[in-house]
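Peer 1: Numbering (the numbering used here), first residue to last: 7 to 242.
We put the CB at the ideal spot given by N, CA and C, even for glycine.
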Amino acid sequence: MSMERRLPAVLVLLGVAGACWAVTVERMYGMDMGPGTALGGLGWFAVVWVTMMAAMMLPSLSPMAVASTRSTGRVVVFSAGYLLSWLAFGIVAYAIVDGVRGLGLGFLAWSRAGRYIAGAVLLGAALYELTAVKRNALQHCRDARLLRSRGGALMMGVEQGGYCVGCSGALMAALFALGVMSIAWMLVIASLVAIEKLLPWAVIAVGTTTLALGLLGTAVMVAPHHVPWLTIPMSM
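This is the structure in structure tokens:
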């Protein structure tokens, strides 16, 4: 796609992302209950989740999207397929989180093992950053030449979304551990995603994310009250 055609497509994606940020802030204001936040009904969560993913992920997807297709319309279709992959991730995450909550396990309370579990999820996300699976997925998220052209714009978007889930899924698990309804932590995670995908030096970007997640995981376990923007469950 020529530069003249790329600009409108990028502006469309950035405009959608901005609108989704506005909707997310308006709808989720005051809903952050910290780690273990109740997710509501599946239908409601699915809509909120897709809106969140559009807000957080479309800005960093823009270079890949415009490099993969030849028209603004196809960029939109590509992005829709991409969000379908993230919707699938969200439904799986919902099933896990809601299923565990439904068990009513007392030791999961924040005052008992809760903060250690949240910290362990963050440390696990940090370790995932160093795996070969992460490196391969990140490479596909940074290099448009690796994107397959068969199957149409929608399927290309689904495939790219799958690689992005492999690249950033652990970061979204970290968001659940910090408070999935937290606007502040959404901004932090979205920034880390963008740094990894767009910063020219991938090693530095991944190292920054790994260090940030490691420090956060340790802090949540040891001194959660000193972690900025972290809502301690039941403290409200």
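Would you give the residue range spanned by the alpha helix (DSSP H) that M62 belongs to?
Peer 2: One-based indexing of the sequence shown puts residue 62 at position 56. Element bounds for M62: L48 to S74.
Peer 1: Does DSSP classify W207 as helix, strand or coil?
Peer 2: For this step, residue 207 is matched to residue 201 along the sequence shown. Three-state result, W207: coil.
Peer 1: Measure the C-alpha to C-alpha separation of Q145 and C170 and round it to an integer number of angstroms.
Peer 2: Counted from its first residue, the sequence shown places residue 145 at position 139. Counted from its first residue, the sequence shown places residue 170 at position 164. Rounded to whole angstroms, Q145 to C170 spans 10 Å at the Cα level.
Peer 1: Which first and last residues belong to the alpha helix (DSSP H) in which W92 is found?
Peer 2: Mapped onto the sequence shown, residue 92 falls at position 86. Residues T78 to G108.
Peer 1: Note down, in chain order, each residue of its chain lying with its Cβ closer than 6 Å to the Cβ of T216, except the 5 sequence neighbours on either side.
Peer 2: The residue given as residue 216 occupies position 210 in the sequence shown. Hits under 6 Å: A132 and E135.
Peer 1: Put A115 into one of helix, strand or coil per three-state DSSP.
Peer 2: Taking the sequence shown and counting its residues from 1, the one referred to as residue 115 is at position 109. Note: A115 maps to coil in three-state DSSP.
Peer 1: Hey, how far is the Cα of A86 from the Cα of A119?
Peer 2: The sequence position of residue 86 within the sequence shown is 80, counting from 1. The sequence position of residue 119 within the sequence shown is 113, counting from 1. Going by the C-alpha atoms only, they are around 39 Å apart.
Peer 1: If you measure between the beta carbons of A28 and L64, is that distance less than 9 Å?
Peer 2: Your numbering for residue 28 matches position 22 in the sequence shown. Your numbering for residue 64 matches position 58 in the sequence shown. Cβ distance not < 9 Å, so A28 and L64 don't count as in contact.
Peer 1: Does the segment 200–210 touch the segment 58–75, meaning 3 or more C-beta pairs lie closer than 8 Å?
Peer 2: Taking 8 Å as the limit for Cβ pairs, the verdict is that the segment 200–210 does touch the segment 58–75.
Peer 1: Do you know whose CA, among V81, M192, G42 and V98, lies nearest L160's CA?
Peer 2: Sequence index remark: in the sequence shown, residue 160 carries index 154 (1-based). Ranking the options by Cα distance to L160, first place goes to V81.
Peer 1: Identify whether E165 lies in helix, strand or coil by the three-state DSSP scheme.
Peer 2: Counting from one through the sequence shown, the residue named residue 165 turns up at place 159. E165: helix per DSSP, three-state reduction.
Peer 1: If you draw a straight line from the alpha carbon of S197 to that of V31, how long is it in whole angstroms?
Peer 2: What you label residue 197 is simply residue 191 of the sequence shown in a count that begins at 1. What you label residue 31 is simply residue 25 of the sequence shown in a count that begins at 1. When rounded, the distance between both Cα atoms is 17 Å.
Peer 1: Among the residues of its own chain, which have a CB less than 7 Å from the CB of A179, if the five just before and after it don't count?
Peer 2: Position 173 of the sequence shown, counted from the start, is the residue given in the question as residue 179. Contacts found: V127 and A131.
Peer 1: Rounded to whole angstroms, what's the CA-CA distance from M59 to G112? Just pull it up for me.
Peer 2: Taking the first residue of the sequence shown as position 1, residue 59 is located at position 53. Taking the first residue of the sequence shown as position 1, residue 112 is located at position 106. So the alpha carbons of these two residues sit roughly 32 Å apart.
Peer 1: Is it buried or exposed for M242, if we count other Cβ within 10 angstroms and need 16 for buried?
Peer 2: If you number the sequence shown from 1, residue 242 lands on position 236. Note on M242: pLDDT 40, under 50, position unreliable in the model; the coordinate value appears next. With fewer than 16 Cβ atoms within 10 Å of its Cβ, M242 is classed as exposed.
Peer 1: Are there 16 or more other CB atoms within 10 angstroms of the CB of I210, so buried, or fewer, so exposed?
Peer 2: Here residue 210 refers to the residue found at position 204 when the sequence shown is read from its first residue. I210 is exposed by the Cβ-count criterion.
Peer 1: Taking just the CA atoms, how far does V56 sit from W191?
Peer 2: By one-based count along the sequence shown, residue 191 stands at place 185. By one-based count along the sequence shown, residue 56 stands at place 50. One C-alpha to the other measures close to 17 Å.
Peer 1: Of all the options L109, G21, H232 and L219, which has the alpha carbon lying nearest to the alpha carbon of L129?
Peer 2: By 1-based counting over the sequence shown, the position of residue 129 is 123. Comparing Cα positions, the closest option is L219.
Peer 1: Once DSSP output is grouped into helix, strand and coil, what is the label at M242?
Peer 2: By 1-based counting over the sequence shown, the position of residue 242 is 236. Bear in mind that a pLDDT of 40 at M242, under 50, signals an unreliable position, so the number given afterwards is only what the model happens to contain. Coil.
Peer 1: Taking the alpha-carbon positions, what's the L45 to A225 distance?
Peer 2: Counting from one through the sequence shown, the residue named residue 45 turns up at place 39. Counting from one through the sequence shown, the residue named residue 225 turns up at place 219. Spanning the two alpha carbons is a distance of roughly 25 Å.
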